[in-house]
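One line per chain: the protein sequences are A and B, in this order. The first sequence lines up with residues 1 to 338 when you count with the UniProt record's numbering. The second sequence lines up with residues 1 to 338 when you count with the UniProt record's numbering. From the three backbone atoms N, C-alpha and C, an ideal C-beta is built for every residue, glycine too. Just so you know, these numbers come straight off a predicted model, no measurement behind them. Read through the structure below, which is laid out as structure tokens, and then see the notes.
There are 2 protein chains.
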Amino acid sequence: MAKGQKPTINDVARLSGVSKKTVSRVINKSPLLNQATREKVEAVIAELEYVPNPQARALALRRNFLIGLIHDNPNAQMVLGVQEGILDTIRNTEFALVVRPVDRHSPTMVEDIRGFIEQQRLYGVMLLPPISENDELAQACRDLGCTVVRMGSARLDDDAHLVASNDRQAVSDAVAWLAELGHKRIGFVAGPEGFLSARERELGFAEGMARAGLKPDAKIAARGNYRFESGLAAGQKLLSAKSPPSAIFSSNDEMAAGVLHAARERGMSVPEDLSIIGFDDTAIAAHIWPPLTTVRWPIRAMAATAAAKLTRPETAASEPSFFLSDLVRRASAIEYLP
Amino acid sequence: MAKGQKPTINDVARLSGVSKKTVSRVINKSPLLNQATREKVEAVIAELEYVPNPQARALALRRNFLIGLIHDNPNAQMVLGVQEGILDTIRNTEFALVVRPVDRHSPTMVEDIRGFIEQQRLYGVMLLPPISENDELAQACRDLGCTVVRMGSARLDDDAHLVASNDRQAVSDAVAWLAELGHKRIGFVAGPEGFLSARERELGFAEGMARAGLKPDAKIAARGNYRFESGLAAGQKLLSAKSPPSAIFSSNDEMAAGVLHAARERGMSVPEDLSIIGFDDTAIAAHIWPPLTTVRWPIRAMAATAAAKLTRPETAASEPSFFLSDLVRRASAIEYLP
DNA sequence: TTGTAAGCGTTATCAG
DNA sequence: CTGATAACGCTTACAA
Numbered sequence: 001m002a003k004g005q006k007p008t009i010n011d012v013a014r015l016s017g018v019s020k021k022t023v024s025r026v027i028n029k030s031p032l033l034n035q036a037t038r039e040k041v042e043a044v045i046a047e048l049e050y051v052p053n054p055q056a057r058a059l060a061l062r063r064n065f066l067i068g069l070i071h072d073n074p075n076a077q078m079v080l081g082v083q084e085g086i087l088d089t090i091r092n093t094e095f096a097l098v099v100r101p102v103d104r105h106s107p108t109m110v111e112d113i114r115g116f117i118e119q120q121r122l123y124g125v126m127l128l129p130p131i132s133e134n135d136e137l138a139q140a141c142r143d144l145g146c147t148v149v150r151m152g153s154a155r156l157d158d159d160a161h162l163v164a165s166n167d168r169q170a171v172s173d174a175v176a177w178l179a180e181l182g183h184k185r186i187g188f189v190a191g192p193e194g195f196l197s198a199r200e201r202e203l204g205f206a207e208g209m210a211r212a213g214l215k216p217d218a219k220i221a222a223r224g225n226y227r228f229e230s231g232l233a234a235g236q237k238l239l240s241a242k243s244p245p246s247a248i249f250s251s252n253d254e255m256a257a258g259v260l261h262a263a264r265e266r267g268m269s270v271p272e273d274l275s276i277i278g279f280d281d282t283a284i285a286a287h288i289w290p291p292l293t294t295v296r297w298p299i300r301a302m303a304a305t306a307a308a309k310l311t312r313p314e315t316a317a318s319e320p321s322f323f324l325s326d327l328v329r330r331a332s333a334i335e336y337l338p
Numbered sequence: 001m002a003k004g005q006k007p008t009i010n011d012v013a014r015l016s017g018v019s020k021k022t023v024s025r026v027i028n029k030s031p032l033l034n035q036a037t038r039e040k041v042e043a044v045i046a047e048l049e050y051v052p053n054p055q056a057r058a059l060a061l062r063r064n065f066l067i068g069l070i071h072d073n074p075n076a077q078m079v080l081g082v083q084e085g086i087l088d089t090i091r092n093t094e095f096a097l098v099v100r101p102v103d104r105h106s107p108t109m110v111e112d113i114r115g116f117i118e119q120q121r122l123y124g125v126m127l128l129p130p131i132s133e134n135d136e137l138a139q140a141c142r143d144l145g146c147t148v149v150r151m152g153s154a155r156l157d158d159d160a161h162l163v164a165s166n167d168r169q170a171v172s173d174a175v176a177w178l179a180e181l182g183h184k185r186i187g188f189v190a191g192p193e194g195f196l197s198a199r200e201r202e203l204g205f206a207e208g209m210a211r212a213g214l215k216p217d218a219k220i221a222a223r224g225n226y227r228f229e230s231g232l233a234a235g236q237k238l239l240s241a242k243s244p245p246s247a248i249f250s251s252n253d254e255m256a257a258g259v260l261h262a263a264r265e266r267g268m269s270v271p272e273d274l275s276i277i278g279f280d281d282t283a284i285a286a287h288i289w290p291p292l293t294t295v296r297w298p299i300r301a302m303a304a305t306a307a308a309k310l311t312r313p314e315t316a317a318s319e320p321s322f323f324l325s326d327l328v329r330r331a332s333a334i335e336y337l338p
């Protein structure tokens, strides 16, 4: 091995007196190998600090050791949490994380992603909501021989290819808690139609109301699109109802911030005149006034698990698929004051 | 070429009746090539929809077509903006973006990054603040034959290896504007010691005050660490001064949100009793109440330019290096009401 | 200006 | 169980 160069498989082979192929077998943990041979080679590998060249492996295997993160920006905090979670798993492995923001409204999205996977010969991809709900996309990735794990809010796929938060349960619990605090008129701001997460949160709301023996009222419910402005509009509608709510559950934090603004516009105090609960525990939640009570899901742990399913397919099905979210109780929701 | 397989350089060579090497020359835009030959080969490439295999090129060139984004989480919105900017440039090229969050407090950080670059044979890396200010790290990357572009708030490097916002100028302008609004007692919340961005913003503050003929007063200045809590503490200090400020400039939005909380704790109204200006225009800024007046820097465009410098080194020095930030005027700062 | 031969560092094939 | 030998798809000498 030339001075200053990184050692290659040839160096290892020569120094341990075996063939390249045998070294390759050691690297790839082939089961049919003499224990003594294996140990001898491993000793040389350790001594040389040999690390297999990923590019060469990629060429020979026609498969790169890259995990792709494909998303359409649900929210910055979440995307970053996911990236950190994936890194928690693949740090110190030969895998690397490559990211690809996409535009789900582009007619060529699936085609673009296909080209990306094909060109980079991705080992696996992780799909984030909302595009994780696109079955056609998931199938297209699989057809390319690429493992897919989807992150979502419900059972989108089988255990080996899914990590999900149990949004329905979490919302149901949050609403039941509001009821325990004495609230009877509870308003609801739904997320956009066509989003599974929005649907699950809606079902959770209905469930929680039922548990508390309360009846949802369409006059204090509205649909938003997960953006601040839509939350503001929803808040204006709900608070101008003849019989306005004393508490509002919003399907995400950004809309909850909008509801809060709507309340202020009307001169209402939060939480004294109105309790508000959001969902996601984004950075906004902790920094608005009053700090927002919200549902937090364990994004980083979920992403780490997803990466494990992606890079260790053998054990994929046995890793957990469902994660429980918990309610972060801050100042925006208090007991009902008549 | 076998059915269903992707075409290789050999297919192109065979169909156009030239050697592999000539095709390779076409791909790599070699200048010494007969125009007719080139066109003939290009036609076949187009017909076959041939795309060079990046893994094979990586092996032969000992250099992967991967751009690494190395950062220590300054803020989610910013990191995501950077990723989108980079993608704006490398989409539809053979490059891909690989991300690597790191921990700047880890003693092995530089070593880890070195291993990462070496293993993945990165083409280039982009360093985000605050680790972009680490010269040792930048040099380590370069020693590995990896191009480095740094993003920062001042001249950290030469034009070919830098994109920077002009924080000093932006802060100076913001402070001058407060003075125009009639404010005379202007407080300042500094960022953490050792951060170039914090230093630049401090200098900008001093400059702005000087322009307005005002004298900074240490009794209404405090240092934070860019986190919410430190802003809260700073606000408490400044507002309890014997002669409190009528306006406060905070070196980032998160601390500005803290200042806002501090004001509320004391029963003050913002902006009536206190004007506040932040820096960064993060998601928080638009969603707190009142919406925060803040300085916004063109992150996405900066990142896109950085990626261009990374992937097209020939033109790197001629791309712009400095970007002007602008003041986003929202409701948190108004004219001085005695 | 173009082509030939020899790698780049790994894995697959198939014989021993 | 192990090892020659040929891929993998491209580039870099070095010729012609």
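Going along chain B, which residues have a C-beta under 7 Å from residue i?
i               : result
V98 of chain A  : A96, L97 and V98
R264 of chain A : W289
V51 of chain A  : Q119
Is residue i near the ligand GDP, judged by its Cβ being under 7 Å from some heavy atom?
i               : result
A333 of chain B : With respect to small molecules bound, the structure shown includes none, and the ligand GDP cannot be examined in it.
For residue i, go through chain A and note every residue whose CB falls closer than 8 Å to its CB, in chain order.
i                      : result
residue 403 of chain B : Residue coverage of chain B in this structure runs from 1 to 338, which leaves residue 403 of chain B outside it and unanswerable.
residue 340 of chain B : The question about residue 340 of chain B has no answer here: the residues shown for chain B are numbered 1 through 338.
Please confirm if residue i has its CB atom under 8 Å from at least one CB of chain A.
i               : result
A56 of chain B  : yes
V110 of chain B : no
A76 of chain B  : yes
P338 of chain B : no
N28 of chain B  : no
Can you have a look at residue i and say buried or exposed, based on whether 16 or more other CB atoms are within 10 angstroms of its CB?
i               : result
Q35 of chain A  : exposed
A2 of chain A   : Annotation note: pLDDT 44 at A2 of chain A (below 50); position unreliable, coordinate value reported separately. Classification of A2 of chain A: exposed, given that the 10 Å Cβ count is below 16.
R312 of chain A : exposed
N225 of chain B : buried
L232 of chain B : buried
N28 of chain A  : exposed
Taking 8 Å as the threshold (beta carbon to beta carbon), is residue i in contact with chain B?
i               : result
P101 of chain A : yes
E254 of chain A : yes
A283 of chain A : yes
H183 of chain A : no
V79 of chain A  : yes
L144 of chain A : no
L87 of chain A  : yes
Please classify residue i: does DSSP put it in a helix, a strand, or coil?
i               : result
A2 of chain B   : With a pLDDT of 43 at A2 of chain B, under the threshold of 50, the predicted position of this residue should be treated as unreliable, though the coordinate-derived value follows. DSSP places A2 of chain B in coil when its eight states are reduced to three.
F205 of chain B : helix
G231 of chain B : helix
R185 of chain A : coil
L15 of chain B  : helix
T37 of chain A  : helix
D159 of chain A : helix
L32 of chain B  : coil
T147 of chain A : strand
A212 of chain B : coil
D217 of chain A : coil
A154 of chain B : coil
L327 of chain B : strand
S165 of chain A : strand
Mind listing the chain A neighbours of residue i? Cutoff is C-beta to C-beta under 7 Å, in chain order.
i               : result
Q83 of chain B  : V99 and P101
L137 of chain B : What L137 of chain B touches in chain A: nothing, since even the nearest Cβ is about 18 Å away.
L59 of chain B  : Q55, A56 and L59
A257 of chain B : H287
Taking residue i as the query, report the chain B residues whose CB atoms sit under 8 Å from its CB, ordered along the chain.
i               : result
L260 of chain A : W289
N64 of chain A  : Q55
N166 of chain A : Chain B residues near N166 of chain A: none, gap ~24 Å exceeds 8 Å.
What does residue i touch in chain B if you count any residue whose Cβ is under 9 Å from its own?
i               : result
L128 of chain A : Simply none; closest approach about 12 Å.
Against residue i, what residues of chain A qualify as contacts under a CB-to-CB distance less than 9 Å, listed in chain order?
i              : result
N73 of chain B : L80 and E84
| field | Length at least 3, wholly inside the region 48 to 131 of chain A: the beta strand (DSSP E) runs in chain order | value | 66 to 71, 96 to 101 and 124 to 127
| Going along the chain, which unbroken runs of the alpha helix (DSSP H) with 4 or more residues stay wholly within the region 233 to 317 of chain B? | 253 to 265, 283 to 287 and 299 to 311
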